[in-house]
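The sequence shown runs 4 to 456 under my numbering.
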Amino acid sequence: MKTKTPICDFAEKYSAQKYARFHMPGHKGNGFLGCETVDITEINGADSLYEANGIIAQSERIAAELYGTGATFYSAEGSSLCIRAMLYLVKLQAENNGRKPFILATRNAHKVFALTVALLDIDVMWLNGYDRATLCDCRVKPEDLDETLAKLERLPDAVFITSPDYLGNIANIQDLSATAHKHGSLFVCDNAHGAYLKFVSGNLHPIDNGCDMCCDSAHKTLPCLTGGAYLHINKKAPIFLKENARDALAMFGSTSPSYLILQSLDKANGLLFDGYGIKIKQTAERVNTLKSEIENAGWTLLKTNEPLKITFDCKENGYDGRDFAKLLIKNGIMPEYEETDYVVLMISPENSNHDFTVLLDTLKNLPLKQKKKKETFSFIPKTAMPMKQALETPSEYVDINESLGRIVACPTVSCPPAVPIVYGGERIDRRAVTLFEYYGITKVKVIKQIKDC
(Lines of atoms letter the chains of each structure in order from A; the text may use other names.)
(Lines give C-alpha, C1' and ligand atoms only; values in the text may rest on other atoms or scores of the structure.)
Protein backbone atom coordinates (compact mmCIF):
# COMPACT_ATOMS: atom_id res chain seq x y z
CA MET A 4 0.00 0.00 0.00
CA LYS A 5 1.24 3.50 -0.83
CA THR A 6 2.57 5.25 2.24
CA LYS A 7 0.56 8.10 3.76
CA THR A 8 3.62 9.51 5.56
CA PRO A 9 6.50 9.72 3.06
CA ILE A 10 8.45 12.41 4.94
CA CYS A 11 8.37 10.54 8.25
CA ASP A 12 9.26 7.28 6.53
CA PHE A 13 12.30 8.86 4.89
CA ALA A 14 13.53 10.47 8.13
CA GLU A 15 13.16 7.27 10.13
CA LYS A 16 14.94 5.21 7.47
CA TYR A 17 17.77 7.76 7.29
CA SER A 18 18.12 7.75 11.08
CA ALA A 19 18.33 3.94 11.16
CA GLN A 20 21.10 3.85 8.53
CA LYS A 21 23.60 5.58 10.85
CA TYR A 22 25.29 7.74 8.22
CA ALA A 23 28.33 9.80 9.15
CA ARG A 24 26.58 13.19 9.03
CA PHE A 25 28.76 15.65 7.19
CA HIS A 26 25.77 18.01 6.78
CA MET A 27 23.64 20.39 8.82
CA PRO A 28 22.36 20.60 11.57
CA GLY A 29 25.33 20.85 13.87
CA HIS A 30 23.98 18.39 16.44
CA LYS A 31 24.67 15.56 13.91
CA GLY A 32 21.73 13.55 15.19
CA ASN A 33 22.85 13.73 18.82
CA GLY A 34 21.45 15.95 21.54
CA PHE A 35 19.30 16.36 24.58
CA LEU A 36 15.75 16.68 23.25
CA GLY A 37 15.43 13.17 21.83
CA CYS A 38 14.28 14.26 18.38
CA GLU A 39 17.65 15.09 16.87
CA THR A 40 18.08 11.82 14.99
CA VAL A 41 15.28 12.77 12.56
CA ASP A 42 16.04 16.51 12.50
CA ILE A 43 17.65 16.95 9.10
CA THR A 44 17.83 19.44 6.25
CA GLU A 45 17.64 19.19 2.46
CA ILE A 46 19.97 16.21 2.10
CA ASN A 47 19.83 13.85 -0.86
CA GLY A 48 16.32 12.38 -1.07
CA ALA A 49 14.76 14.66 1.54
CA ASP A 50 13.24 17.06 -1.02
CA SER A 51 13.15 20.85 -0.56
CA LEU A 52 10.04 22.66 0.63
CA TYR A 53 9.99 25.53 -1.87
CA GLU A 54 11.17 23.42 -4.81
CA ALA A 55 9.26 20.31 -3.80
CA ASN A 56 9.07 17.52 -6.38
CA GLY A 57 9.70 14.48 -4.18
CA ILE A 58 8.46 13.28 -0.80
CA ILE A 59 7.35 16.75 0.40
CA ALA A 60 5.30 17.26 -2.75
CA GLN A 61 3.87 13.77 -2.28
CA SER A 62 2.90 14.54 1.30
CA GLU A 63 1.28 17.84 0.26
CA ARG A 64 -0.80 15.98 -2.34
CA ILE A 65 -1.98 13.64 0.41
CA ALA A 66 -3.01 16.65 2.52
CA ALA A 67 -4.84 18.10 -0.50
CA GLU A 68 -6.70 14.81 -0.87
CA LEU A 69 -7.69 14.91 2.79
CA TYR A 70 -8.97 18.48 2.57
CA GLY A 71 -10.43 18.18 -0.93
CA THR A 72 -8.49 21.15 -2.25
CA GLY A 73 -7.08 22.03 -5.62
CA ALA A 74 -3.67 22.23 -3.95
CA THR A 75 -2.29 22.32 -0.41
CA PHE A 76 1.14 23.67 0.50
CA TYR A 77 3.03 23.28 3.78
CA SER A 78 4.35 26.04 5.99
CA ALA A 79 6.84 25.45 8.79
CA GLU A 80 6.33 29.04 9.95
CA GLY A 81 2.67 28.98 10.86
CA SER A 82 -0.22 30.80 9.25
CA SER A 83 1.79 34.01 9.42
CA LEU A 84 3.81 32.84 6.42
CA CYS A 85 0.63 31.74 4.65
CA ILE A 86 -1.05 35.13 5.19
CA ARG A 87 1.96 36.88 3.66
CA ALA A 88 1.87 34.51 0.70
CA MET A 89 -1.88 34.92 0.15
CA LEU A 90 -1.59 38.69 0.16
CA TYR A 91 1.33 38.54 -2.25
CA LEU A 92 -0.75 36.36 -4.59
CA VAL A 93 -3.60 38.88 -4.48
CA LYS A 94 -1.13 41.67 -5.26
CA LEU A 95 0.50 39.71 -8.08
CA GLN A 96 -2.80 38.86 -9.74
CA ALA A 97 -4.04 42.46 -9.48
CA GLU A 98 -0.86 43.89 -10.98
CA ASN A 99 -0.84 41.30 -13.76
CA ASN A 100 -4.31 42.63 -14.61
CA GLY A 101 -3.04 46.21 -14.60
CA ARG A 102 -4.50 47.24 -11.23
CA LYS A 103 -3.05 48.52 -7.96
CA PRO A 104 -4.07 45.86 -5.42
CA PHE A 105 -7.01 46.67 -3.15
CA ILE A 106 -8.43 44.48 -0.36
CA LEU A 107 -11.59 44.76 1.73
CA ALA A 108 -10.85 43.29 5.19
CA THR A 109 -12.48 42.86 8.58
CA ARG A 110 -10.97 44.95 11.37
CA ASN A 111 -10.06 41.95 13.50
CA ALA A 112 -7.28 41.02 11.07
CA HIS A 113 -4.05 39.69 12.57
CA LYS A 114 -1.14 42.13 12.82
CA VAL A 115 0.70 40.05 10.18
CA PHE A 116 -2.02 41.11 7.73
CA ALA A 117 -1.51 44.78 8.61
CA LEU A 118 2.27 44.64 8.34
CA THR A 119 2.19 42.71 5.06
CA VAL A 120 -0.29 44.98 3.27
CA ALA A 121 1.88 47.90 4.37
CA LEU A 122 5.08 46.29 3.06
CA LEU A 123 3.41 45.28 -0.21
CA ASP A 124 1.66 48.64 -0.59
CA ILE A 125 -1.81 47.13 -0.88
CA ASP A 126 -4.74 49.50 -0.41
CA VAL A 127 -7.11 48.41 2.36
CA MET A 128 -10.66 49.36 3.23
CA TRP A 129 -11.91 48.09 6.57
CA LEU A 130 -15.15 46.23 7.23
CA ASN A 131 -16.22 47.15 10.76
CA GLY A 132 -18.78 44.40 11.25
CA TYR A 133 -22.00 44.60 13.24
CA ASP A 134 -22.43 44.91 17.01
CA ARG A 135 -18.67 44.72 17.46
CA ALA A 136 -18.46 44.24 21.21
CA THR A 137 -14.88 42.98 21.51
CA LEU A 138 -11.40 43.43 20.11
CA CYS A 139 -11.40 39.96 18.52
CA ASP A 140 -14.89 39.97 17.04
CA CYS A 141 -15.80 41.53 13.69
CA ARG A 142 -18.67 39.57 12.19
CA VAL A 143 -20.03 40.65 8.83
CA LYS A 144 -23.45 39.84 7.38
CA PRO A 145 -23.58 38.80 3.70
CA GLU A 146 -26.18 41.48 2.98
CA ASP A 147 -23.92 44.15 4.50
CA LEU A 148 -20.98 42.95 2.42
CA ASP A 149 -23.20 43.01 -0.66
CA GLU A 150 -24.28 46.57 0.08
CA THR A 151 -20.70 47.70 0.66
CA LEU A 152 -19.44 46.13 -2.56
CA ALA A 153 -22.35 47.55 -4.56
CA LYS A 154 -21.48 51.08 -3.45
CA LEU A 155 -17.77 50.91 -4.28
CA GLU A 156 -16.59 52.56 -7.48
CA ARG A 157 -13.42 50.47 -7.30
CA LEU A 158 -14.10 46.81 -6.49
CA PRO A 159 -11.57 44.98 -4.30
CA ASP A 160 -9.32 42.27 -5.66
CA ALA A 161 -10.15 40.24 -2.56
CA VAL A 162 -12.33 40.20 0.51
CA PHE A 163 -10.30 39.03 3.53
CA ILE A 164 -11.86 37.81 6.77
CA THR A 165 -10.75 36.07 9.96
CA SER A 166 -12.84 33.01 10.80
CA PRO A 167 -12.94 31.51 13.35
CA ASP A 168 -11.99 34.53 15.43
CA TYR A 169 -10.14 34.14 18.71
CA LEU A 170 -13.35 33.94 20.74
CA GLY A 171 -14.86 31.17 18.60
CA ASN A 172 -17.17 32.93 16.12
CA ILE A 173 -17.36 31.21 12.71
CA ALA A 174 -18.51 33.39 9.82
CA ASN A 175 -21.11 32.48 7.21
CA ILE A 176 -18.40 31.62 4.69
CA GLN A 177 -20.76 30.13 2.13
CA ASP A 178 -22.86 33.28 1.69
CA LEU A 179 -19.98 35.72 2.16
CA SER A 180 -17.83 33.99 -0.47
CA ALA A 181 -20.77 33.85 -2.89
CA THR A 182 -21.31 37.57 -2.37
CA ALA A 183 -17.66 38.37 -3.02
CA HIS A 184 -17.66 36.23 -6.17
CA LYS A 185 -20.84 37.91 -7.42
CA HIS A 186 -18.92 41.19 -7.43
CA GLY A 187 -15.81 39.69 -9.05
CA SER A 188 -13.61 39.55 -5.94
CA LEU A 189 -11.59 36.68 -4.52
CA PHE A 190 -12.61 35.50 -1.06
CA VAL A 191 -9.69 34.82 1.30
CA CYS A 192 -9.87 33.55 4.87
CA ASP A 193 -7.51 33.46 7.84
CA ASN A 194 -8.67 30.08 9.15
CA ALA A 195 -5.70 29.68 11.49
CA HIS A 196 -7.90 28.35 14.30
CA GLY A 197 -9.94 26.01 12.10
CA ALA A 198 -7.74 23.28 10.62
CA TYR A 199 -10.00 20.71 12.30
CA LEU A 200 -13.24 22.10 10.84
CA LYS A 201 -13.01 19.78 7.82
CA PHE A 202 -13.60 16.83 10.12
CA VAL A 203 -16.55 17.93 12.29
CA SER A 204 -20.20 17.26 11.54
CA GLY A 205 -21.50 19.65 8.93
CA ASN A 206 -18.02 20.35 7.50
CA LEU A 207 -17.35 23.96 8.41
CA HIS A 208 -14.04 24.31 6.58
CA PRO A 209 -13.77 27.49 4.43
CA ILE A 210 -12.58 25.68 1.29
CA ASP A 211 -15.71 23.52 1.23
CA ASN A 212 -17.84 26.64 1.62
CA GLY A 213 -16.50 28.60 -1.35
CA CYS A 214 -13.33 30.28 -0.05
CA ASP A 215 -10.72 30.71 -2.81
CA MET A 216 -7.74 30.28 -0.49
CA CYS A 217 -7.18 30.07 3.23
CA CYS A 218 -4.53 29.30 5.81
CA ASP A 219 -4.89 26.67 8.55
CA SER A 220 -2.57 26.50 11.54
CA ALA A 221 -2.43 22.73 11.95
CA HIS A 222 -0.50 23.16 15.17
CA LYS A 223 -3.34 25.07 16.85
CA THR A 224 -5.96 22.30 16.69
CA LEU A 225 -4.35 19.14 15.25
CA PRO A 226 -1.57 17.01 16.80
CA CYS A 227 1.24 18.93 15.05
CA LEU A 228 4.33 20.75 16.24
CA THR A 229 4.13 24.51 16.68
CA GLY A 230 4.65 26.22 13.33
CA GLY A 231 2.97 23.59 11.16
CA ALA A 232 0.39 25.14 8.82
CA TYR A 233 -1.32 24.75 5.45
CA LEU A 234 -2.01 27.09 2.57
CA HIS A 235 -5.07 25.72 0.77
CA ILE A 236 -6.19 26.67 -2.75
CA ASN A 237 -9.75 25.87 -3.87
CA LYS A 238 -10.23 23.66 -6.96
CA LYS A 239 -12.45 26.37 -8.43
CA ALA A 240 -10.06 29.25 -7.69
CA PRO A 241 -8.13 30.89 -10.53
CA ILE A 242 -5.31 28.57 -11.62
CA PHE A 243 -2.93 31.51 -11.20
CA LEU A 244 -3.10 31.08 -7.41
CA LYS A 245 -2.06 27.43 -7.48
CA GLU A 246 0.69 28.01 -10.05
CA ASN A 247 2.31 30.78 -8.00
CA ALA A 248 1.61 29.69 -4.41
CA ARG A 249 4.91 27.93 -3.76
CA ASP A 250 6.92 30.88 -5.05
CA ALA A 251 4.80 33.20 -2.90
CA LEU A 252 5.63 31.16 0.18
CA ALA A 253 9.31 31.15 -0.76
CA MET A 254 9.25 34.97 -1.00
CA PHE A 255 8.79 35.20 2.77
CA GLY A 256 9.82 31.82 4.18
CA SER A 257 13.11 30.68 5.67
CA THR A 258 15.38 28.69 3.38
CA SER A 259 15.87 26.37 6.38
CA PRO A 260 12.34 25.21 7.23
CA SER A 261 12.14 22.82 10.18
CA TYR A 262 12.13 19.23 8.99
CA LEU A 263 10.62 18.23 12.33
CA ILE A 264 7.61 20.45 11.64
CA LEU A 265 7.27 19.03 8.13
CA GLN A 266 7.28 15.53 9.62
CA SER A 267 4.53 16.48 12.06
CA LEU A 268 2.36 17.74 9.17
CA ASP A 269 3.12 14.53 7.32
CA LYS A 270 2.27 12.41 10.38
CA ALA A 271 -1.06 14.25 10.75
CA ASN A 272 -2.02 12.98 7.28
CA GLY A 273 -1.53 9.41 8.43
CA LEU A 274 -3.52 9.99 11.63
CA LEU A 275 -6.40 11.61 9.75
CA PHE A 276 -6.54 8.78 7.21
CA ASP A 277 -6.52 6.29 10.09
CA GLY A 278 -9.57 7.70 11.84
CA TYR A 279 -8.42 10.76 13.77
CA GLY A 280 -11.31 12.68 12.21
CA ILE A 281 -13.71 10.44 14.14
CA LYS A 282 -11.93 11.44 17.36
CA ILE A 283 -12.40 15.09 16.40
CA LYS A 284 -16.15 14.56 15.94
CA GLN A 285 -16.41 12.72 19.23
CA THR A 286 -14.50 15.46 21.02
CA ALA A 287 -16.77 18.12 19.54
CA GLU A 288 -19.76 16.21 20.91
CA ARG A 289 -18.06 15.95 24.32
CA VAL A 290 -17.35 19.69 24.32
CA ASN A 291 -20.97 20.43 23.51
CA THR A 292 -22.00 18.39 26.55
CA LEU A 293 -19.28 20.06 28.64
CA LYS A 294 -20.62 23.49 27.75
CA SER A 295 -24.06 22.48 29.03
CA GLU A 296 -22.50 21.15 32.25
CA ILE A 297 -20.64 24.41 32.77
CA GLU A 298 -23.77 26.47 32.20
CA ASN A 299 -25.76 24.21 34.52
CA ALA A 300 -23.18 25.01 37.19
CA GLY A 301 -24.16 28.67 36.81
CA TRP A 302 -21.39 29.98 34.56
CA THR A 303 -22.05 32.15 31.53
CA LEU A 304 -20.39 31.22 28.25
CA LEU A 305 -20.17 33.37 25.17
CA LYS A 306 -22.63 32.06 22.57
CA THR A 307 -20.22 31.10 19.79
CA ASN A 308 -20.41 28.40 17.12
CA GLU A 309 -16.88 26.98 17.04
CA PRO A 310 -17.07 23.34 18.18
CA LEU A 311 -13.77 23.04 20.08
CA LYS A 312 -13.64 26.36 21.95
CA ILE A 313 -15.14 27.32 25.29
CA THR A 314 -15.24 31.06 25.97
CA PHE A 315 -16.16 32.32 29.43
CA ASP A 316 -18.10 35.60 29.51
CA CYS A 317 -16.34 36.52 32.74
CA LYS A 318 -17.96 39.88 33.57
CA GLU A 319 -21.38 38.19 33.53
CA ASN A 320 -20.21 36.17 36.54
CA GLY A 321 -18.52 39.06 38.31
CA TYR A 322 -14.90 38.45 37.29
CA ASP A 323 -12.25 40.34 35.40
CA GLY A 324 -11.06 37.82 32.82
CA ARG A 325 -7.44 38.12 33.88
CA ASP A 326 -8.30 37.44 37.52
CA PHE A 327 -10.48 34.47 36.49
CA ALA A 328 -7.60 33.07 34.45
CA LYS A 329 -5.31 33.29 37.50
CA LEU A 330 -7.81 31.21 39.49
CA LEU A 331 -7.90 28.58 36.74
CA ILE A 332 -4.10 28.46 36.62
CA LYS A 333 -3.94 28.14 40.41
CA ASN A 334 -6.15 25.05 40.05
CA GLY A 335 -3.98 23.45 37.38
CA ILE A 336 -5.85 24.70 34.29
CA MET A 337 -3.92 26.71 31.70
CA PRO A 338 -6.20 28.73 29.37
CA GLU A 339 -5.31 29.69 25.81
CA TYR A 340 -6.21 33.36 26.12
CA GLU A 341 -7.44 35.83 28.68
CA GLU A 342 -8.44 39.47 28.50
CA THR A 343 -10.51 41.72 30.71
CA ASP A 344 -13.85 40.29 29.49
CA TYR A 345 -13.20 36.75 28.29
CA VAL A 346 -11.18 33.61 28.94
CA VAL A 347 -10.79 31.12 26.08
CA LEU A 348 -10.13 27.39 26.36
CA MET A 349 -9.07 25.48 23.23
CA ILE A 350 -9.77 21.75 23.19
CA SER A 351 -8.62 18.83 21.03
CA PRO A 352 -8.87 15.03 21.12
CA GLU A 353 -5.62 15.08 23.08
CA ASN A 354 -7.42 16.54 26.11
CA SER A 355 -8.23 13.75 28.57
CA ASN A 356 -11.36 13.04 30.59
CA HIS A 357 -9.26 14.04 33.60
CA ASP A 358 -8.82 17.50 32.05
CA PHE A 359 -12.59 17.92 31.78
CA THR A 360 -13.13 16.64 35.33
CA VAL A 361 -10.58 19.07 36.77
CA LEU A 362 -12.24 21.94 34.92
CA LEU A 363 -15.74 21.11 36.12
CA ASP A 364 -14.63 20.47 39.71
CA THR A 365 -12.78 23.78 39.76
CA LEU A 366 -15.76 25.71 38.43
CA LYS A 367 -18.09 24.12 40.97
CA ASN A 368 -15.80 25.29 43.76
CA LEU A 369 -15.38 28.89 42.55
CA PRO A 370 -17.93 31.46 43.74
CA LEU A 371 -20.23 33.24 41.29
CA LYS A 372 -20.30 37.00 41.80
CA GLN A 373 -22.39 40.00 40.88
CA LYS A 374 -22.30 41.00 37.22
CA LYS A 375 -19.67 43.58 36.20
CA LYS A 376 -19.99 46.25 33.55
CA LYS A 377 -18.28 45.67 30.18
CA GLU A 378 -16.78 48.28 27.88
CA THR A 379 -18.25 48.31 24.38
CA PHE A 380 -15.70 48.23 21.60
CA SER A 381 -17.18 49.80 18.48
CA PHE A 382 -15.33 52.80 17.12
CA ILE A 383 -13.80 53.82 13.79
CA PRO A 384 -10.44 55.65 13.93
CA LYS A 385 -9.62 58.23 11.28
CA THR A 386 -6.89 57.50 8.75
CA ALA A 387 -4.14 60.11 8.60
CA MET A 388 -1.74 58.45 6.13
CA PRO A 389 -1.33 55.20 4.18
CA MET A 390 -0.12 52.18 6.16
CA LYS A 391 3.02 51.85 4.05
CA GLN A 392 3.99 55.45 4.71
CA ALA A 393 3.35 55.02 8.43
CA LEU A 394 5.47 51.89 8.54
CA GLU A 395 8.40 53.58 6.78
CA THR A 396 8.31 56.88 8.70
CA PRO A 397 10.61 57.36 11.76
CA SER A 398 8.75 56.31 14.87
CA GLU A 399 8.99 56.04 18.64
CA TYR A 400 7.23 54.36 21.56
CA VAL A 401 5.20 56.59 23.85
CA ASP A 402 3.05 55.99 26.91
CA ILE A 403 -0.63 55.75 25.99
CA ASN A 404 -1.30 58.81 28.17
CA GLU A 405 0.92 60.78 25.79
CA SER A 406 -0.49 59.24 22.61
CA LEU A 407 -3.66 61.31 22.05
CA GLY A 408 -3.66 62.78 18.56
CA ARG A 409 -0.58 60.85 17.45
CA ILE A 410 -0.46 58.61 14.37
CA VAL A 411 0.22 54.90 14.84
CA ALA A 412 3.38 53.78 13.04
CA CYS A 413 2.84 50.03 13.12
CA PRO A 414 0.75 47.79 15.34
CA THR A 415 2.98 46.20 17.99
CA VAL A 416 0.43 44.09 19.81
CA SER A 417 1.10 40.82 21.56
CA CYS A 418 -0.07 37.40 20.45
CA PRO A 419 -2.61 36.33 21.54
CA PRO A 420 -4.74 37.84 20.14
CA ALA A 421 -2.47 39.93 17.82
CA VAL A 422 -5.42 42.12 16.78
CA PRO A 423 -4.57 45.85 16.80
CA ILE A 424 -6.97 48.38 18.28
CA VAL A 425 -5.59 51.04 15.92
CA TYR A 426 -3.80 50.13 12.68
CA GLY A 427 -0.81 51.86 11.11
CA GLY A 428 -1.56 55.31 9.69
CA GLU A 429 -4.60 55.86 11.91
CA ARG A 430 -4.84 58.69 14.44
CA ILE A 431 -5.28 57.93 18.14
CA ASP A 432 -8.39 59.57 19.60
CA ARG A 433 -9.78 59.55 23.16
CA ARG A 434 -11.80 56.43 22.45
CA ALA A 435 -8.65 54.60 21.37
CA VAL A 436 -6.84 55.65 24.57
CA THR A 437 -9.78 54.35 26.63
CA LEU A 438 -9.57 51.00 24.85
CA PHE A 439 -5.78 50.85 25.25
CA GLU A 440 -6.32 51.19 29.01
CA TYR A 441 -9.15 48.66 29.02
CA TYR A 442 -7.06 46.00 27.28
CA GLY A 443 -3.97 46.65 29.38
CA ILE A 444 -1.85 48.28 26.65
CA THR A 445 0.62 50.76 28.16
CA LYS A 446 2.76 51.86 25.20
CA VAL A 447 2.16 52.41 21.51
CA LYS A 448 4.49 52.99 18.56
CA VAL A 449 3.73 56.29 16.85
CA ILE A 450 5.15 58.54 14.15
CA LYS A 451 7.89 60.81 15.49
CA GLN A 452 6.89 64.43 15.80
CA ILE A 453 9.11 66.93 13.98
CA LYS A 454 10.42 69.44 16.49
CA ASP A 455 10.93 73.07 15.56
CA CYS A 456 14.57 74.15 15.37
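C-beta atoms are modelled at their ideal positions from N, C-alpha and C, and glycine is treated no differently.
Verify whether the separation of the beta carbon atoms of residue i and residue j is less than 9 Å.
i, j, result
"Leu189", "Ala183", "yes"
"Met128", "Val191", "no"
"Val422", "Val447", "no"
"Leu394", "Cys418", "no"
"Arg157", "Phe116", "no"
"Ala287", "Ser406", "no"
"Ala328", "Glu309", "no"
"Gln285", "Pro352", "yes"
"His235", "Met216", "yes"
"Ile424", "Leu438", "yes"
"Asp42", "Ser267", "no"
"Pro28", "Ile58", "no"
"Ala79", "Leu265", "yes"
"Asn212", "Thr307", "no"
"Ala136", "Ser381", "yes"
"Asn320", "Val361", "no"
"Asp126", "Lys103", "yes"
"Tyr70", "Lys201", "yes"
"Gln11", "Gly273", "The sequence shown places Cys at residue 11, rather than the Gln named in the question. Yes, Cβ-Cβ distance for Cys11 and Gly273 is below 9 Å."
Considering residue i, what are the terminal residues of the alpha helix (DSSP H) in which it resides?
i, result
"Ser267", "262–274"
"Leu148", "145–154"
"Leu234", "Run containing Leu234: none in the alpha helix (DSSP H); it sits in the beta strand (DSSP E), 232–236."
"Tyr17", "9–19"
"Ile59", "58–70"
"Leu293", "280–299"
"Lys3", "Any answer about residue 3 is impossible in this case: the structure gives the chain only from 4 up to 456."
"Ile242", "242–255"
"Val203", "Taken as a continuous stretch (DSSP letters only), Val203 belongs to no alpha helix (DSSP H), as it is neither H nor E."
"Asp364", "356–368"
"Ile332", "324–333"
"Tyr441", "433–441"
"Thr119", "114–123"
"Lys377", "Taken as a continuous stretch (DSSP letters only), Lys377 belongs to no alpha helix (DSSP H), as it is neither H nor E."
List the DSSP bridge partners of residue i.
i, result
"Ile313", "Leu348"
"Ser398", "Ile450"
"Met216", "Val191, Ile236"
"Glu341", "Val346"
"Leu371", "Paired residues: none, contrary to the question."
"Ala221", "DSSP lists no partner for Ala221."
"Glu429", "Thr386"
"Thr75", "His235"
"Val411", "Val449"
"Leu304", "Phe315"
Can you tell me the Cβ-Cβ gap for residue i and residue j, rounded? I've got them flagged as a contact below 8 Å.
i, j, result
"Cys214", "Asn237", "6 Å"
"Ser51", "Gly32", "The Cβ separation is near 20 Å, so there is no contact."
"Cys141", "Asn111", "4 Å"
"Met390", "Tyr426", "7 Å"
"Ser62", "Asp269", "5 Å"
"Leu123", "Leu107", "No, Leu123 and Leu107 are not in contact; Cβ-Cβ is about 16 Å, not under 8 Å."
"Cys85", "Ala232", "6 Å"
"Thr343", "Tyr279", "The pair is not a contact, with the Cβ atoms about 36 Å apart (cut-off 8 Å)."
"Lys114", "Val416", "6 Å"
"Ala271", "Ala221", "6 Å"
"Lys312", "Leu348", "7 Å"
"Tyr345", "Asp323", "About 11 Å separates the two Cβ atoms, so there is no contact after all."
"Thr314", "Leu170", "5 Å"
Hey, could you find the ends of the beta strand (DSSP E) residue i is sitting in?
i, result
"Asp126", "126–130"
"Ala79", "Careful: Ala79 lies outside any beta strand (DSSP E) and carries neither H nor E."
"Ala421", "Careful: Ala421 lies outside any beta strand (DSSP E) and carries neither H nor E."
"Phe105", "105–109"
"Phe163", "161–165"
Against chain B, does residue i count as a neighbour if the rule is that its beta carbon must be under 9 Å from one of theirs?
i, result
"Pro397", "Protein chains in the displayed structure number just one, and chain B is not present."
For residue i, is the beta carbon positioned less than 8 Å from some heavy atom of the ligand MG?
i, result
"Gly335", "As for the ligand MG, it is missing from this structure, which has no ligand bound."
Exercise. Would you say the segment 156–169 touches the segment 194–207, given that touching needs at least three Cβ pairs under 8 Å?
Worked result: yes
For this session: Examine the Cβ distances between the segment 95–105 and the segment 73–87 and report whether three or more of them are shorter than 8 Å.
Result: no
For this session: Assess, as a yes-or-no matter, whether the segment 283–297 is touched by the segment 253–263 under the definition of 3 or more beta carbon pairs within less than 8 Å.
Result: no
For this session: Count the C-beta pairs between the segment 394–409 and the segment 364–371 that are closer than 8 Å, then say yes if the count reaches three, no if not.
Result: no
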